[in-house]
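Peer 1: This is the structure I want to talk about, given as structure tokens.
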Amino acid sequence: MFSRRRLQKLLEEEVYRNMALALAFDNFTSSLQGQDDEEGALEEVVSISLPHFY
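In case it helps, the numbering used here puts the sequence shown at residues 2 to 55.
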């Protein structure tokens, strides 16, 4: 059984992962459609997701 604080932390981490994946998928599909975004999906995903895991 998880404590309330641990469960909240796990849920927050899952939300951040899902947001990062959604952003990466959106950028990937945009590039497939020829809408180049030179910033790139990886850079955006790293900037969004990494600070929350340290």
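Virtual Cβ for every residue (Gly too), placed ideally from N, Cα, C. Computed from a predicted structure; not experimentally measured.
Tell me which residues share the same chain as residue 14 and place their Cβ nearer than 6 angstroms to its Cβ, disregarding the 5 neighbours each side in the sequence.
Peer 2: The residue you call residue 14 lines up with position 13 of the sequence shown. Excluding residues within five positions, none has a Cβ falling inside 6 angstroms.
Peer 1: Within 10 angstroms of the Cβ of residue 23, are there 16 or more other Cβ atoms? Answer buried if so, exposed if not.
Peer 2: One-based indexing of the sequence shown puts residue 23 at position 22. Exposed.
Peer 1: What is the DSSP secondary structure of residue 34, counted as helix, strand or coil?
Peer 2: Stepping through the sequence shown from its first residue, residue 34 is reached at position 33. The answer is coil: DSSP assigns residue 34 none of H, G, I, E or B.
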